[in-house]
Amino acid sequence: MKKRPLPTSRIFLVLIFIFLYAPIALLIAFSFNSTKSRTVWSGFTFDWYRQLFQDSAIMSSLWTTLTVSIFAALIATVAGTFAAIGLNNMRRRWQSPLLAVSNIPVINADIVTGVSLCLLFVSLGAVLKFELGFGTLLIAHITFNIPYVILSVMPKLRQLDKNLVDAAQDLGCTWFQAFYKVIIPEIMPGIINGMIIAFTMSIDDFVISYFTAGSQVQTLSMTIYSMTRRRISPKINAVSTLLFVFVLIMLLIINFREVRQEERVKKQNSHHHS
Amino acid sequence: MKLRTLAIPYVGWMALFVVTPVVIILAYAVTNSGGAFSLESFAKMGDYISVFIRSFLLAVISTVICIIIGYPVAYILAKERPRLQRILLMLVMLPMWMNFLLRTYAWMSILENTGLLNRLLTAVGLPAVGIINTPGAVVIGMVYNFLPFMILPVYSVIVKIDRSLIEAAQDLGAGGLTIFRKVIFPLSLPGVLSGITMVFVPAVSTFVISQLLGGGSNMLLGDLIEMQFLGTAYNPHLGSAIAFVMMIVVMLCMWLMNKFGAGEEQAVML
Chain A
1 MKKRPLPTSR IFLVLIFIFL YAPIALLIAF SFNSTKSRTV WSGFTFDWYR QLFQDSAIMS
61 SLWTTLTVSI FAALIATVAG TFAAIGLNNM RRRWQSPLLA VSNIPVINAD IVTGVSLCLL
121 FVSLGAVLKF ELGFGTLLIA HITFNIPYVI LSVMPKLRQL DKNLVDAAQD LGCTWFQAFY
181 KVIIPEIMPG IINGMIIAFT MSIDDFVISY FTAGSQVQTL SMTIYSMTRR RISPKINAVS
241 TLLFVFVLIM LLIINFREVR QEERVKKQNS HHHS
Chain B
1001 MKLRTLAIPY VGWMALFVVT PVVIILAYAV TNSGGAFSLE SFAKMGDYIS VFIRSFLLAV
1061 ISTVICIIIG YPVAYILAKE RPRLQRILLM LVMLPMWMNF LLRTYAWMSI LENTGLLNRL
1121 LTAVGLPAVG IINTPGAVVI GMVYNFLPFM ILPVYSVIVK IDRSLIEAAQ DLGAGGLTIF
1181 RKVIFPLSLP GVLSGITMVF VPAVSTFVIS QLLGGGSNML LGDLIEMQFL GTAYNPHLGS
1241 AIAFVMMIVV MLCMWLMNKF GAGEEQAVML
């Protein structure tokens, strides 16, 4: 496709990006507004950012969101990687149905996953005497994260040359050495990608958390939801702006590193050729 | 030790946290509050037929709009220079990192009767519009939230189309439009299909967007389910029955999609 894009397509693209970013620009702008209004601009202030750190409700829900997302992403990454390796070495007639079951939380609407886990936790809790809380929230997050890790590790495993593992073992590697010196490094990009997806899914989730966290624990999304019934404090705009800027910086760093790596690879290749 | 044994813990986990919840949903759906077998929840769903129709209609409209807007965006993106492509792609994904409740809430500030849109309109001498609390506002919210889910899978398919196929079509005398119609579009269909499910499923099941932008009068299936579990009309049996129907519909959609050949990998091209 070598034709230069037409200017009309550029204009269309700009309009779409305005559509995508107008609400975000609005949210960020009004985190600096000196009154609580979300439509009338009355002057610049940093007050909401200062008050944010004294608001125990917002800070504790932010803490819950971050801890649950980090733990769920890490646990799901380890569990999902092991599961993917195991599934990949099974015969097709076992692998396909198990993968289909594994994908149920990905395919189902969030609300269906949420209420079904809610019913499970309530019934189990009645028998084993526990209440919905951080534990059930974490289990729910791990459950919907694992399939994303598997889906991102699986293609890498399929590309993996099966003879590599045999070769390593022939050369005297134990089973465990073959595993962590050959398989793991080969599929690392898939593992990292899976972890990023899992973390993103967790931090952005509202619906499943809403049904599985009970009444004692709140994630940031749940706090925001309870506020939408009354009025959202500009402090929420402030905390979201901070998170957004943090993600933006992370993405820029990752992007920058990828570009540099590619350039290095290109340079190396041209050296080899000359 | 065999590598396949590594999957055993996960099989146990799935049995407990994936399969059992589905079985419980089914069990609740086919029993009444006394615990006896009964199909009364399914019969009761008849009272909410208008909610079913509204949910499906709004989700279909939003999905169609997402295709109409998202397909050209994906197509234009795939034609850009690689470095610009990378930046634009990041810009498509970035909004998903701002809390979606908050983004939807921001649309409230834009669409409200005294909101920014109306102020802008009156400032340039146009009449104000009353969009908030209408089905139109709900559709805007859905399109806004789910558009990236259409753009990304379509883009990832178009960008992988083998260039030599297009050159071959050119050599054989096809014009730009013919190439698009006969080569690019058919090859991009798997991406469109996975985009359709990725937009339709969350759109048909949302309860936040309808609550914030639709006011109280535009209840959707998601609201109906939520009410039965955590809301005022506590009835987990009815809620489970609706959730079960929703699950069947979604599975049917996926089955149809797989029949048309969209792979599992594309479904998670996030």
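Chains A and B are the protein sequences, given in the same order. Residue numbering for the first sequence follows this note's numbering, beginning at 1 and increasing consecutively. Residue numbering for the second sequence follows this note's numbering, beginning at 1001 and increasing consecutively. Every residue gets a Cβ at the ideal spot worked out from N, C-alpha and C, and that includes glycine.
Distance, A/Phe244 Cα to A/Trp48 Cα: Reading the first sequence from its first residue, position 48 is the one you call residue 48 of chain A. Reading the first sequence from its first residue, position 244 is the one you call residue 244 of chain A. Answer to the nearest angstrom: the Cα atoms are 16 Å apart.
Whole-Å CB distance - A/Val108 paired with B/Val1250, under 8 Å assumed: Taking the first sequence and counting its residues from 1, the one referred to as residue 108 of chain A is at position 108. Taking the second sequence and counting its residues from 1, the one referred to as residue 1250 of chain B is at position 250. Contrary to the premise, residue 108 of chain A reads as Asn rather than Val in this sequence. 6 Å between Cβ atoms; contact.
What residues in the region 135–156 of chain A bring their beta carbon closer than 9 Å to a beta carbon of chain B? Ile139, Ala140, Ile142, Thr143, Ile146, Pro147, Tyr148, Ile150, Leu151, Ser152, Met154 and Pro155
A/Gln218: first and last residue of the uninterrupted alpha helix (DSSP H) it sits in: Walking along the first sequence from the start, residue 218 of chain A turns up at place 218. Looking at the DSSP string, A/Gln218 is not in any alpha helix (DSSP H), and its letter there is neither H nor E.
May I ask you to list the residues that DSSP assigns as paired with B/Thr1031? Numbered from its first residue, the second sequence carries residue 1031 of chain B at position 31. According to the DSSP secondary-structure assignment, B/Thr1031 is paired through a beta bridge with B/Phe1037.
Please report whether the beta-carbon of A/Tyr225 lies at a distance below 8 Å from any beta-carbon of chain B. For the purposes of this step, residue 225 of chain A is taken as residue 225 along the first sequence, with counting starting at 1. At least one chain B Cβ lies under 8 Å of A/Tyr225.
Contact under 8 Å by Cβ, A/Thr241 with A/Ser31: Against the first sequence, residue 241 of chain A aligns to sequence position 241. Against the first sequence, residue 31 of chain A aligns to sequence position 31. Yes; because the gap between Cβ atoms is below 8 Å, this pair is in contact.
Suppose the cutoff is 7 Å on Cβ atoms and the five residues either side in sequence are ignored; what does the same chain contact list for B/Asn1133 look like? For the purposes of this step, residue 1133 of chain B is identified with residue 133 of the second sequence, where counting begins at 1. So the qualifying residues of the chain are Gly1214, Gly1215 and Ser1217.
Give the list of continuous alpha helix (DSSP H) stretches no shorter than 4 residues that lie fully inside the region 1002–1078 of chain B. 1008–1014, 1020–1029 and 1040–1044
Using the Cα positions of B/Ser1062 and B/Ser1240, report the straight-line distance between them to the nearest angstrom. Here residue 1062 of chain B refers to the residue found at position 62 of the second sequence. Here residue 1240 of chain B refers to the residue found at position 240 of the second sequence. C-alpha separation (whole angstroms): 26 Å.
For B/Met1150, which residues of its own chain have a beta-carbon under 6 Å away from its beta-carbon, when the five flanking residues on both sides are left out? Within the second sequence, numbered from 1, the residue matching residue 1150 of chain B stands at position 150. By the criterion of a C-beta distance shorter than 6 Å, B/Met1150 is surrounded in its chain by Cys1066, Gly1070, Gly1195 and Val1199, once the five residues flanking it on both sides are discounted.
Can you name the residues of chain B whose CB is closer than 8 Å to the CB of A/Asp204? For the purposes of this step, residue 204 of chain A is taken as the residue at position 204 of the first sequence. Near A/Asp204 (Cβ distances below 8 Å), the residues of chain B are Met1096, Trp1097, Asn1099 and Phe1100.
So what's A/Phe44 in DSSP terms, helix, strand or just coil? Residue 44 of chain A sits at position 44 when you count from the first residue of the first sequence. Reduced to three states, the DSSP call for A/Phe44 is strand.
Rounded C-alpha distance that separates B/Arg1083 from A/Ile28: Counted from its first residue, the second sequence places residue 1083 of chain B at position 83. Counted from its first residue, the first sequence places residue 28 of chain A at position 28. Each residue's alpha carbon lies about 27 Å from the other.
For B/Leu1016, count the other beta carbons within 10 Å of its own beta carbon; 16 or more makes it buried, fewer makes it exposed. Which is it? Sequence index remark: in the second sequence, residue 1016 of chain B carries index 16 (1-based). Exposed, since its Cβ has fewer than 16 Cβ neighbours within 10 Å.
The region 1038–1048 of chain B / the region 1185–1195 of chain B touching (three or more Cβ pairs under 8 Å): no
From what residue to what residue does the alpha helix (DSSP H) around B/Asn1118 run? On the second sequence, position 118 is the one that residue 1118 of chain B refers to. Counting along the chain, the alpha helix (DSSP H) containing B/Asn1118 begins and ends at Leu1116 to Ala1123.
Please name the residues in the region 77–88 of chain A whose beta-carbon is closer than 7 Å to at least one beta-carbon of chain B, in chain order. Ala79, Phe82, Ala83, Ile85, Gly86 and Leu87
Going by Cα to Cα distance, which pick from A/Ile253, A/Gln169, A/Leu251 and A/Ala238 is closest to B/Leu1102? Taking the first residue of the second sequence as 1, we reach residue 1102 of chain B at position 102. It is A/Ala238.
Less than 6 Å between C-beta atoms, sequence neighbours within five positions excluded: which residues of the same chain meet that for A/Phe211? Within the first sequence, residue 211 of chain A is the residue found at index 211, counting from 1. Excluding sequence neighbours, A/Phe211 sits near Gly114, Val115 and Cys118.
Quick check on B/Asn1145: does DSSP put it in helix, strand or coil? For the purposes of this step, residue 1145 of chain B is taken as the residue at position 145 of the second sequence. In the structure shown, B/Asn1145 sits in a helix (DSSP, three-state: H, G or I).
Beta carbon proximity, A/Thr64 to chain E, threshold 8 Å: Protein chains in the displayed structure are A and B, and chain E is not among them.
Out of curiosity, what's the CA-to-CA distance linking A/Thr67 and A/Leu128? Residue numbering aside, residue 67 of chain A sits at position 67 when the first sequence is read from its first letter. Residue numbering aside, residue 128 of chain A sits at position 128 when the first sequence is read from its first letter. Their backbone Cα atoms lie some 25 Å apart in a straight line.
Is A/Asn269 helix, strand or coil when you go by DSSP? To locate residue 269 of chain A, count along the first sequence from 1; it is residue 269. Note: A/Asn269 maps to helix in three-state DSSP.
Just checking: is the beta-carbon of A/Ser96 within a distance shorter than 8 Å of some beta-carbon in chain B? To locate residue 96 of chain A, count along the first sequence from 1; it is residue 96. So, not an interface residue.
Quick one: is B/Ser1055 near chain A, going by C-beta distance under 8 Å? If you number the second sequence from 1, residue 1055 of chain B lands on position 55. No, B/Ser1055 does not count as interfacial toward chain A.
Identify whether A/Asn255 lies in helix, strand or coil by the three-state DSSP scheme. Translated into the one-based positions of the first sequence, residue 255 of chain A becomes position 255. Assigned with DSSP and collapsed to three states, A/Asn255 falls in helix.
At a Cβ threshold of 8 Å, is A/Asp47 touching chain B? Here residue 47 of chain A is taken as the residue at index 47 of the first sequence, counted from 1. No, no contact with chain B.
Using a beta-carbon distance cut-off of less than 8 Å, what residues from the region 96–127 of chain A approach chain B? Leu98, Leu99, Val101, Ser102, Asn103, Ile104, Pro105, Val106, Ile107, Asn108, Ala109, Asp110, Ile111, Val112, Thr113, Val115, Ser116, Leu117, Cys118, Leu119, Leu120 and Ser123
Just mark B/Pro1095 as buried or exposed, buried being the case when its beta carbon has 16 or more other beta carbons within 10 Å. Along the second sequence, one-based indexing puts residue 1095 of chain B at 95. Buried, because 16 or more other Cβ atoms sit within 10 Å of the Cβ of B/Pro1095.
Determine the extent of the alpha helix (DSSP H) in which A/Leu132 is found, giving its start and end residues. Walking along the first sequence from the start, residue 132 of chain A turns up at place 132. Premise fails: A/Leu132 is in no alpha helix (DSSP H) and is neither H nor E.
Closer than 7 Å between beta carbons: that is the criterion. Which residues of the region 1016–1035 of chain B meet it against chain A? Phe1017, Val1018, Val1019, Thr1020, Pro1021, Val1022, Ile1024, Ile1025 and Tyr1028
Counting only beta-carbon atoms, is B/Leu1006 nearer than 8 Å to chain A? The count along the second sequence starts at 1 and reaches residue 1006 of chain B at position 6. Yes, its Cβ sits closer than 8 Å to a Cβ of chain A.
Find the nearest neighbour of B/Leu1057 within the set B/Met1093, B/Trp1097 and B/Val1138, judged by alpha-carbon distance. As a working note, residue 1057 of chain B is residue 57 in the second sequence. It is B/Val1138.
Could you pull out every residue in the same chain whose Cβ sits closer than 6 Å to the Cβ of B/Val1011, ignoring the five residues on either side in sequence? As a first step, residue 1011 of chain B must be located in the second sequence, where it is residue number 11. Same-chain partners within the cutoff: there are none.
What is the DSSP secondary structure of B/Asn1235, counted as helix, strand or coil? Position 235 of the second sequence, counted from the first residue, corresponds to residue 1235 of chain B. Correct three-state label for B/Asn1235: coil.
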